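Below is one structure, written out as structure tokens; the observations come after it.
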Amino acid sequence: MTSLTFIEKQGAFLSVSLSVDLLDPALYANGNPYEVWRAMRQAGPVHHQEARTGSRYWAVVGHEAGLRVLTEWKVFTSTRGAMLREDDNSAPYPGAGKMPILTDPPRHTELRRAVARLFTPRAVRSLGALAGEVAGSLLGDLRARGGGDFATEVAARFPLAVQAQILGIPAEDVPLILDATGRSVDEGEDAAAGHHDVMAYFLKAIGAWRSQAGRDLIDALLAARAGGLPLSDEEIVLTCDNIVVAASQTAQHAASGSLLALLEHPGMWRALREGRVDVGSAVEELLRWSAPATHVMRTAVCDTELAGTPIRAGDAVAVWLPSANRDGAVFTDPDELVLDRSPNPHMTLGAGPHLCLGAALVRVLLRALLEELIAADTSLALAAPPVWQSSWVINRMRSLPVTVVAG
Ligand code: HEM
């Protein structure tokens, strides 16, 4: 159990240091460490952290403070990184100012506008049928085998197979992109190599695509104007990396996390299958519950305060999104899965100007998967406990063994 060390009192606010290190991979051996975050929230919404590996930052575990960090972009910049690093969070970030996630408005608004039309609710609605087909076919194969590993055989393949359509990735290249993006969200040096491979892929492809029509993402980026000028090749490649990594490495974990949540809550699963719960609200609750992105980082550009804690210019601040999703000040029964929860202001997809560009697409994908699971005349059951990846970047399972059961 976590031991709390109270180090400082500032008026009504209690500043605490927990002996827990949120960047210790072992903490994530069984998925997100909700008990640790609950203990932290009880002590206060903002905590100073100094990781064993050297990373120093403020950990924001409360919903209200987290929302402030993500919406007040003039105070908390994205240009010095959007994810914690193991050691020095103040080192210059490659790609800063050249891809949406590492840019502040107004440049951010221009870069995002270049591709936003591909991802509006209207634009992605038409992918629903394809998503249903792909999910249905992968689930059909799994059922025909009597079960298997949902994480690798369905969840990992399904979102990118659908999104490849928008991203302009031919089917034969999907495994390569899955492998490279998978490495890009590992901790440490593998991440750089993974991003390198994604960008090398797009850099090679960019010349060929210039002369071809019909590649939606690249077409949009080639046609875009920011400040009256075309985007540079570097900006285009970095923006592709941003979108492709985000697209392929999160939705699959939301899919696995959603199925696990349903299998662990049979009453809720039955209610959903019997049509007693709206699929749309179930999708929102499963997003709140599965919360694949563990944190997002910002850097304070001036001295400020957060829930009474003084933050200095240059300090790194990380919002732990799954913790915000379980904040009892905002959610009734936060540790219960309530598929018809309303309202549901979860922060799984972020907030503010960087709110996930793929938000509508993720909802289409999860809805299609749920509809396929609901429509099937057999159900699934856990065949063995899931194996987690132990990651403080993405809440992900290595495997989710399931078996087919009647009913
Ligand atoms: C369940 C799946 C997903 C989750 C949990 C997720 C989560 C997030 C979060 C938390 C952010 C905010 C980052 C920040 O504030 O710094 C974000 C941004 C982003 N996401 Fe997603 N995402 C998901 C799926 C997708 C998909 C399918 C795409 C494909 C288009 C995508 C593309 C992006 C992009 C491009 C950004 C950066 C937006 C910007 O900086 O303006 N995401 N996502």
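In this note's numbering, the protein residues as written are 729 to 1135.
Glycine included, every Cβ here is placed at the ideal spot set by N, Cα and C.
Predicted, not measured: the structure shown is a model, and the values here were computed from it.
Same chain, Cβ closer than 7 Å to residue i, five either side skipped, listed in chain order
i, result
"D815", "T781, G782, S783"
"G1003", "none"
"D1055", "R769, G790, H791, P1062"
"S1070", "S1009"
Own chain, CB closer than 6 Å to residue i, minus 5 neighbours either side, in chain order
i, result
"L1098", "V1007"
"W997", "L990"
"D877", "S1127, P1129"
"G922", "A908, R911, S912"
C-beta contact flag for residue i and residue j at 8 Å
i, j, result
"Q980", "A1103", "no"
"A1052", "G790", "yes"
"L959", "A842", "yes"
"P849", "A1096", "no"
"S693", "A879", "Residue 693 is absent from the structure shown; the chain starts at 729 and stops at 1135."
"L945", "L846", "yes"
"R1026", "F804", "yes"
"V890", "L855", "yes"
"G874", "T1131", "yes"
"A1019", "P994", "no"
The beta strand (DSSP E) enclosing residue i, as first and last residue numbers
i, result
"V774", "774-778"
"P1129", "1129-1134"
"T1032", "1032-1034"
"H1023", "1023-1028"
Heavy atom of ligand 1 within 7 Å of residue i beta-carbon
i, result
"C712", "Coverage of the chain is limited to positions 729 through 1135, which leaves residue 712 absent and any answer about it impossible."
"V1090", "yes"
"N970", "yes"
"V1024", "yes"
"A948", "no"
"Q1117", "no"
"F847", "yes"
"G759", "no"
"T807", "no"
"Q893", "no"
"G875", "no"
"R885", "no"
"R1054", "no"
Check: residue i C-beta below 7 Å from any heavy atom of ligand 2
i, result
"I829", "This structure lacks ligand 2; the ligands present are ligand 1."
Cutoff 8 Å: residue i Cβ touching any chain C Cβ
i, result
"E962", "Note that chain C does not occur in the displayed structure, where there is just one protein chain."
Contacting residues, own chain, Cβ-Cβ under 8 Å from residue i (five flanking each side not counted)
i, result
"S1119", "P753, Y756, V913, D914, E915, T1022"
"A941", "Only weak support exists for where A941 lies, its pLDDT of 46 falling under 50; the value from the coordinates is given anyway. D947, listed in sequence order."
DSSP three-state assignment for residue i, whether helix, strand or coil
i, result
"Y821", "coil"
"E992", "helix"
"L1049", "helix"
"G1086", "coil"
Opening and closing residue of the alpha helix (DSSP H) in which residue i lies
i, result
"R762", "Before going on, a small fix: residue 762 reads as Tyr here, not Arg. Here the alpha helix (DSSP H) through Y762 covers 762-771."
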